[in-house]
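According to our numbering, the sequence shown is numbered sequentially starting from 47. Reading through the structure tokens given below for one structure.
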Amino acid sequence: MREAHPLFDVLCKSADADCATALERLVHEAPDRRLNRINVLDFARREGLNEQRTITTFLHATQIGLLDMSWNVLCPSCGGVLDANATLQTVRSNEYYCAFCAVSSEATLDDLVEVSFTVSPRVRKIAAHSPEDLPIWEYHRQIFWGTGVDLPEEKFEATCQQLSLDAVELPAGDKAILSLQLPAQFVIVFEPVTHAAQFIQVKGEPAGERQNLELVYNNVLAPTGTLELRPGPLRLLLDNRTGARVLPTLWIAANDLHELTSKRRPFLNAKRLLSNQTFREIYRTDTLGIDQRLKITSLTFLFTDLKGSTELYERVGDLVAFDLVREHFRTLNDIVASEDGAVVKTIGDAVMATFLTPDHALAAALKMREAMRRLNETHGREDLLLKIGIHEGPCLAVNLNERQDYFGQTVNIASRVQGLAMSQSILATAPVVQNPRSANVLGSNGHNPVAQSRALRGISSEVAIYEIA
């Protein structure tokens with residue numbers, strides 16, 4: 047049993063006790079590979095913990111130096127890590143290329159950028175802190191494949207050996223010669239360190255003589271090529287001209303390999319973390335670069351505003367009005383957090399918040415309206431008349447005014463829908479109301495959305511708007 051690290055005492059003061067205890071146990075007892083690129087959602091599932099509290103615990107653990115966070119760009123096909131980043135600021139908005147799959151993709155924050163956590167070397171030194179020393183198959187497991195690929199816990203090396211013809215560790219500047227028997231199948235010679243691949247289509251009559259192939263590894267990223275060989279003997283020369291070791295592996299591209307990489311499990315994506323209130327509070331100005339724009343394919347925006355706030359200040363005076371508005375903000379913040387959302391900013395008496403899915407935004411809106419009704423009853427006056435607008439769609443994550451913000455037509459529409467709302471009304475667009483999960487929220491609360499077609503400034507055609515009565 048390893049000695050307890052004093053930072054865990056610090057963590058327990060700011061994080062959920064059960065989550066902190068489970069994390070401490072993991073760091074002290076788990077094998078090295080389970081402490082590299084930890085999938086926080088899988089960890090919560092294994093330990094029977096609340097996901098949101100577990101994410102918050104991991105963020106606090108990162109803040110005090112127990113863990114290191116990584117933003118990994120994934121291949122949408124094989125789930126491999128195409129680029130690992132210590133910060134989101136170094137994730138590019140242009141295309142990434144997976145040589146293993148010969149697939150190009152853009153790093154959308156919904157499903158192609160995962161966030162993982164690794165124990166800090168100051169807390170516990172693990173093998174993955176020196177990836178250049180990891181055995182071949184552990185390098186594939188811990189470094190190449192992302193945390194969403196559900197690789198077998200046991201007999202992983204044996205499984206990989208069954209799916210490949212050979213694999214070799216080649217130090218910098220070295221050469222190796224492999225003598226192989228090529229089967230009449232599709233073969234991929236993939237090198238996970240440099241992300242280089244050579245496709246080999248093996249077909250035709252068996253070769254009567256030995257075939258020869260030379261592959262050179264350097265630091266130039268070249269497109270994946272395909273060549274045709276015949277079944278039979280092959281002399282493969284591998285030449286490492288990089289400054290680091292390489293790990294060429296000859297995979298048999300058959301159904302078994304597809305089954306190995308196609309088993310998936312949920313993972314923490316960048317979109318979810320950007321919509322986490324604790325993350326926004328810890329990393330206020332350090333999330334995105336000034337000129338960075340990263341795509342999100344779906345995010346739900348909720349805007350609120352107080353009707354007649356100017357008249358409120360006139361009627362009750364600045365001091366009373368200030369206390370009322372502050373109480374209203376505190377209540378809205380608590381409700382947003384309860385639905386796993388995040389407050390992006392406040393503008394005057396208005397709030398802009400984000401939610402991962404429309405149903406959570408709708409649930410928050412209904413809670414907000416009821417909370418304002420109770421506050422008004424407590425004060426004996428209709429002082430807090432909340433107007434709410436909700437819309438869902440694609441957007442860009444950007445840095446505006448030294449804060450992580452969002453930009454795009456989806457944000458504009460959400461704001462303008464709120465502008466149409468009357469006193470104590472909730473307006474939502476069709477993508478919000480028609481989301482399958484939203485039906486459960488509305489049905490369980492006995493609400494029947496009433497559709498109307500409305501014109502929005504800057505939008506060429508009228509938009510279907512639903513009032514949640």
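No residue lacks a Cβ here, since even glycine has one placed at the ideal position from N, Cα and C.
Are residue i and residue j close, meaning C-beta to C-beta below 9 Å?
| i | j | result |
| --- | --- | --- |
| C441 | L284 | no |
| V97 | A90 | According to the sequence provided, residue 97 is Glu. The question's Val does not apply to it. Closer than 9 Å, so yes. |
| V390 | R330 | no |
| V239 | L296 | no |
| I328 | A443 | no |
| L29 | L431 | This structure does not reach residue 29, given that the chain is present from 47 up to 515, and the question cannot be answered. |
| Y142 | A153 | yes |
| R276 | P252 | yes |
| T392 | L320 | no |
| L466 | G439 | no |
| I505 | I472 | no |
| D62 | R99 | yes |
| E373 | L306 | no |
| H437 | V478 | yes |
| W183 | A222 | no |
| R170 | H51 | yes |
| A476 | A510 | yes |
| L211 | L226 | yes |
| A174 | L81 | yes |
Kindly list the residues whose CB is nearer than 8 Å to the CB of residue i, restricted to its own chain and excluding five residues on each side of it in sequence; keep chain order.
| i | result |
| --- | --- |
| A243 | A145, F146, A148, I234, V235, F236, E237 and T270 |
| G194 | N85, L120, G125, E160, R310, R311, P312 and F313 |
| V527 | Nothing in the structure corresponds to residue 527, since the chain is present only between 47 and 515. |
| F163 | R83, I84, V86, F104, A107, T108, L113, D114, M115 and S116 |
| Y263 | L216, E237, T240, A242, L284, D285, N286, R287, T288, V292 and P294 |
| P177 | Y185, Q188 and I189 |
Work out the CA separation of residue j and residue i for me, nearest whole Å.
| i | j | result |
| --- | --- | --- |
| E274 | E260 | 14 Å |
| K249 | P312 | 38 Å |
| F190 | G278 | 30 Å |
| G394 | R419 | 21 Å |
| Q188 | S490 | 44 Å |
| L112 | E75 | 15 Å |
| P198 | L293 | 21 Å |
| L414 | L402 | In the sequence under discussion, the amino acid at residue 414 is Met, which differs from the Leu named in the question. C-alpha separation (whole angstroms): 18 Å. |
| Q498 | A417 | 26 Å |
| A411 | F453 | 22 Å |
| N140 | A218 | 30 Å |
| S166 | P77 | 15 Å |
| N301 | L228 | 17 Å |
| E200 | G192 | 18 Å |
| A299 | A268 | 20 Å |
| V382 | R427 | 25 Å |
| R71 | T205 | 29 Å |
| E385 | H493 | 19 Å |
| V463 | A474 | 7 Å |
Within the same chain, show all residues whose beta-carbon is closer than 7 Å to that of residue i, passing over the 5 residues directly before and after it, in chain order.
| i | result |
| --- | --- |
| V487 | D405, L408 and A409 |
| I110 | L53, V56 and L57 |
| D196 | K309, R310 and R311 |
| A66 | F54, L57, C58 and T103 |
| N258 | R281 |
| A68 | E93 and L95 |
| D64 | L95 |
| L134 | W117, A316, T333 and L334 |
Which residues in the same chain as residue i place their Cβ atom closer than 6 Å to its Cβ, once the five residues preceding and following it in sequence are excluded?
| i | result |
| --- | --- |
| T324 | T102 and L105 |
| I336 | N445 |
| S461 | F349 |
| S150 | E141 and Y143 |
By DSSP, does residue i sit in helix, in strand, or in coil?
| i | result |
| --- | --- |
| E508 | coil |
| R462 | helix |
| L334 | coil |
| G435 | strand |
| N315 | strand |
| M418 | helix |
| R483 | helix |
| L180 | coil |
| K341 | strand |
| T67 | helix |
| D62 | coil |
| E152 | strand |
| N494 | coil |
| D196 | coil |
DSSP puts residue i in a beta bridge; with which residues?
| i | result |
| --- | --- |
| W117 | N131 and V161 |
| I246 | V233 and L273 |
| R281 | S225 and N258 |
| Q109 | For Q109, which the question treats as bridged, DSSP gives no partner whatsoever. |
| Y143 | S150 |
| R449 | L446 |
| G126 | W191 |
| K391 | M398 |
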